[in-house]
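>
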Amino acid sequence: MRGPSQIKKLEDFLASIFNQFKFDNLENLKKLQQ
Numbered sequence: 442m443r444g445p446s447q448i449k450k451l452e453d454f455l456a457s458i459f460n461q462f463k464f465d466n467l468e469n470l471k472k473l474q475q
């Protein structure tokens with residue numbers, strides 16, 4: 442049971458980093474457009 446739960450945690454971790462990165466890029470684009 443240990444393997445799948447670790448993989449799930451890794452996926453959640455990567456997803457949170459990706460969402461944060463995407464959000465930062467959106468904020469930067471808004472600043473550039475002003």
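Under my numbering, think of the first position of the sequence shown as 442, with each following residue one higher. Ideal Cβ positions, reconstructed from N, Cα and C, are used throughout, including at glycine.
Tell me the DSSP secondary structure of Gln475 in three-state form.
Correct three-state label for Gln475: coil.
> Taking the alpha-carbon positions, what's the Asn460 to Gln447 distance?
For Asn460 and Gln447, the distance between alpha carbons rounds to 20 Å.
> Which value, in whole angstroms, describes the spacing of the CA atoms of Lys471 and Asp453?
Distance between the alpha carbons of Lys471 and Asp453: 27 Å.
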